[in-house]
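A.B. asks: One structure is given below, represented as structure tokens, and several questions about it will come after.
2 protein chains.
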Amino acid sequence: MSHSVGGVRQAQKQKTRQALLDAALGLLEEQSLSSLGLREVTRVVGVAPTAFYRHFRDLGELGVALVEEALGSLHVMVRAILAEQDAAEERIDRTIAVVERHVREHPAHVRFVARERRGGVRAVRHAIAGELDRFAAEVAAALKTQPVSAGWRDEDVRMLAELYVDRLVTTAAELLDAREEGGEEAVERVVWRARRQLRLISLGRRHWGEEGQASASVAEAEAESGPSGLSGPSGSAEPSGG
Amino acid sequence: MSHSVGGVRQAQKQKTRQALLDAALGLLEEQSLSSLGLREVTRVVGVAPTAFYRHFRDLGELGVALVEEALGSLHVMVRAILAEQDAAEERIDRTIAVVERHVREHPAHVRFVARERRGGVRAVRHAIAGELDRFAAEVAAALKTQPVSAGWRDEDVRMLAELYVDRLVTTAAELLDAREEGGEEAVERVVWRARRQLRLISLGRRHWGEEGQASASVAEAEAESGPSGLSGPSGSAEPSGG
DNA sequence: AAGTTGAGAGGACAGTTGTTCACTGACTTC
DNA sequence: GAAGTCAGTGAACAACTGTCCTCTCAACTT
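For the record, the sequence lines run as chains Z and E. Note that the working numbering has the first sequence beginning at 13, numbered continuously upward. Note that the working numbering has the second sequence beginning at 13, numbered continuously upward.
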């Protein structure tokens, strides 16, 4: 048993590594990553500043690790939402309930992602963007299987998924703010708004294709270029060469 | 002329104050407010660190001033969008064009708002939230005058306005990222997506009321409670007492 | 013309920061 | 059981931070 990669040694290392992550996450509740200090983190853990380097090159690297931790558990969440095959209305309620639960159980993670998504550390921004991208891809795949998506172009399903994901992240962040600054009343207001907005989006979705994609001829022209080609029918039309 | 409040004196003061704001805004392109240093700012301007205190108590106060500067000009922008009475499709194109222009002309302001909206400085977060709230109110007032909004409840117009505003802010931030990290192609992708998402929302808006507000009886019950009361019809119903 | 004001300078203060280096000693391997 | 690995230590480093105090001197007031 003691032959393969070390046992107690690596376990203890992982333990302090996790302690560093936890301490950082705690400190990040009231500041942003780019202002967080290395010593500040090690002080909370109760370890020498130099010990930090055994685990991360710098705080940016720790930040990226935090992203994985925060958004990894999120993939579990989306499965929960997409698993059930409810009607549109119940699906919205379930979705929001899951978001509420997630915010309640992982407030620091939610705050971290919301804050650092546009934060001052490039590597972390990219890590979050990448993770949310994977997230959107999952949602898109699930949306595609639903009857409402019949006849939809893949890029359109994807743009809808991205709209949903962004809305959920935003709602989670707002929910968090409301929870600790506005009280029960503010929370209810956020929930109410999120529900209605999702309802409206879902409504737009159901009527997409009827008249949403402009005229038929334009829709055809677009079908060949796609999202990466040009910006479609508009006042400021781009050349199709791209 | 020299009788009333000072002339040259106050003018010079305003000048260095503006220099401090500009310097801070520049430095904030690559870090967040909570990591910005007082000395860092004064060094760029070329004044003594202590001079800072003549204008702001601390960097948080400077941040709030930056919010006003950044979001003040934004109100002009919304007037431009809402002024024209185009058809829905052209309105979307015009809107996005205005956003693109704004991002091109005030990139640092856009980045600042996007970053500090969920940033680590409470006072600044609140300032941004307040300003975006005023902004949403303006949009709501404009939406209300449009024929499509006939029969809409005020809270629903407001929630739509907030959806639009959030989408525009997000789009501006994404546009900025794309512009300086992804090249022309990435910018076009963002524009394409934003256009489609607005289109879908606008579509949902046109069909709101047909079936969007659940059943009639429930819609009635909601009409009395409103957004601040409780969360309306859902699986996890709240008591009406609050 | 004399007196007041206040923006900014400059020095000094105690703390804090990230990073380096040689070190210890419990665990792992042979 | 000897040898080696390596997570964590502790001291020292130069650089930096925000804030305090006293000072100057141009612009203003009367």
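Where is the CB? At the ideal position from N, CA and C, for every residue including glycine. In this text, all values refer to a predicted model and were calculated from it rather than measured experimentally.
In this structure, does DSSP put S308 (chain Z) in helix, strand or coil?
C.D. replies: Since the first residue of chain Z shown is 13 and the last is 254, residue 308 (chain Z) is not available in this structure.
A.B. asks: DSSP three-state label for D98 (chain E), please.
C.D. replies: Note: D98 (chain E) maps to coil in three-state DSSP.
A.B. asks: Using a Cβ-Cβ cut-off of 6 Å (strictly less than) and excluding sequence neighbours within five positions of A31 (chain Z), which residues of its own chain qualify?
C.D. replies: V57
A.B. asks: Please classify E186 (chain Z): is it buried, with 16 or more other beta-carbons within 10 angstroms of its beta-carbon, or exposed?
C.D. replies: buried
A.B. asks: For chain E, check one thing: does any of its Cβ atoms lie closer than 9 Å to the Cβ of G224 (chain Z)?
C.D. replies: Low local confidence applies: a pLDDT of 44 at G224 (chain Z) is under 50, so the model's placement there is unreliable, with the coordinate-based value given in what follows. Taking Cβ atoms only, chain E reaches closer than 9 Å to G224 (chain Z), which makes this a yes.
A.B. asks: Identify whether E42 (chain E) lies in helix, strand or coil by the three-state DSSP scheme.
C.D. replies: coil
A.B. asks: Check the Cβ of L215 (chain E) against every Cβ in chain Z and list those closer than 7 Å, keeping chain order.
C.D. replies: G216, H219, W220 and G224
A.B. asks: Would you say G132 (chain Z) lies against chain E (beta-carbon separation less than 9 Å)?
C.D. replies: yes
A.B. asks: Looking only at C-alpha atoms, which of Z:V20, Z:I213, Z:A184 and Z:R134 sits nearest to A109 (chain Z)?
C.D. replies: Z:A184
A.B. asks: For a contact meaning CB atoms closer than 7 Å, what does S85 (chain E) contact in chain Z?
C.D. replies: Simply none; closest approach about 20 Å.
A.B. asks: Distance, Cα to Cα, R92 (chain E) vs R208 (chain E)?
C.D. replies: Reading the sequence as shown, one finds Ala at residue 92 (chain E) and not Arg. For A92 (chain E) and R208 (chain E), the distance between alpha carbons rounds to 21 Å.
A.B. asks: E232 (chain Z) to D168 (chain Z), Cα distance in whole Å?
C.D. replies: Note that E232 (chain Z) has pLDDT 43, beneath the 50 cutoff, so the model's placement of it is unreliable and no number is given.
A.B. asks: Given a threshold of 16 other Cβ atoms within 10 Å of its Cβ, counted over all protein chains shown, does R116 (chain Z) qualify as buried or as exposed?
C.D. replies: exposed
A.B. asks: Does M171 (chain Z) have its Cβ less than 9 Å from a Cβ in chain E?
C.D. replies: yes
A.B. asks: Using the beta-carbon of each residue, which ones in chain Z are nearer than 8 Å to S46 (chain E)?
C.D. replies: Q43, S44, S46 and S47
A.B. asks: Please check if any C-beta of chain Z sits within less than 9 Å of the C-beta of Q158 (chain E).
C.D. replies: no
A.B. asks: Determine, using beta carbons only, whether R29 (chain Z) and H67 (chain Z) come nearer to each other than 9 Å.
C.D. replies: yes
A.B. asks: Please list, in chain order, the chain E residues whose beta carbon lies closer than 9 Å to that of T182 (chain Z).
C.D. replies: D178 and T182
A.B. asks: Taking 8 Å as the limit between beta carbons, can you name the residues of its chain near K27 (chain E), skipping five residues before and five after?
C.D. replies: none
A.B. asks: Do A154 (chain E) and V90 (chain E) have their C-beta atoms closer together than 9 Å?
C.D. replies: yes
A.B. asks: What alpha helix (DSSP H) runs, 4 residues minimum, are completely inside the stretch 95 to 140 of chain Z?
C.D. replies: 100 to 117 and 119 to 128
A.B. asks: Under 8 Å by Cβ, that's how I've got G216 (chain E) and G216 (chain Z) pegged, so tell me the actual separation to the nearest angstrom.
C.D. replies: Your pair G216 (chain E) and G216 (chain Z) checks out as a contact, with CB atoms roughly 3 Å apart and the cut at 8 Å.
A.B. asks: Does the Cβ of D105 (chain E) have 16 or more other Cβ atoms within 10 Å, making it buried, or fewer, making it exposed?
C.D. replies: Counting Cβ neighbours within 10 Å, D105 (chain E) comes out buried, since at least 16 surround it.
A.B. asks: Just to make sure I have the definition right: I need the residues of chain E whose C-beta is within less than 7 Å of the C-beta of D168 (chain Z). Which are they?
C.D. replies: Near D168 (chain Z) (Cβ distances below 7 Å), the residues of chain E are R208.
A.B. asks: Who are the neighbours of A126 (chain E) on chain Z, taking C-beta pairs under 7 Å?
C.D. replies: R130
A.B. asks: Helix or strand or just coil, what does DSSP make of R165 (chain Z)?
C.D. replies: coil
A.B. asks: What residue does the alpha helix (DSSP H) around Q209 (chain E) start on, and which one ends it?
C.D. replies: It spans G195 to R218 - the alpha helix (DSSP H) in which Q209 (chain E) sits, taken as one unbroken run.
A.B. asks: Who are the Cβ neighbours of M33 (chain E) in its own chain at under 8 Å, not counting the five residues just before and after it?
C.D. replies: Going by the sequence as given, residue 33 (chain E) is Leu instead of Met. Correct list, in chain order: L74, A77, L78 and E81.
A.B. asks: For Y176 (chain Z), count neighbouring C-beta atoms within 10 Å of its own C-beta (all shown protein chains included) and say buried if the count is 16 or more, exposed if not.
C.D. replies: buried
A.B. asks: Mapping the DSSP letters down to three states, classify Q22 (chain Z) as helix, strand or coil.
C.D. replies: helix
A.B. asks: Are L210 (chain Z) and L172 (chain E) close, meaning C-beta to C-beta below 9 Å?
C.D. replies: Not in contact: L210 (chain Z) and L172 (chain E) (Cβ atoms no closer than 9 Å).
A.B. asks: Going by the beta-carbon positions, is the gap between D70 (chain E) and L50 (chain E) smaller than 9 Å?
C.D. replies: yes
A.B. asks: Going by Cα to Cα distance, which pick from Z:E196, Z:L188, Z:S46 and Z:T54 is closest to A35 (chain Z)?
C.D. replies: Among Z:E196, Z:L188, Z:S46 and Z:T54, the Cα nearest to that of A35 (chain Z) belongs to Z:T54.
A.B. asks: In chain E, which residues lie less than 9 Å from R205 (chain Z) when you measure between Cβ atoms?
C.D. replies: E167, R170, M171, E174, L175 and P239
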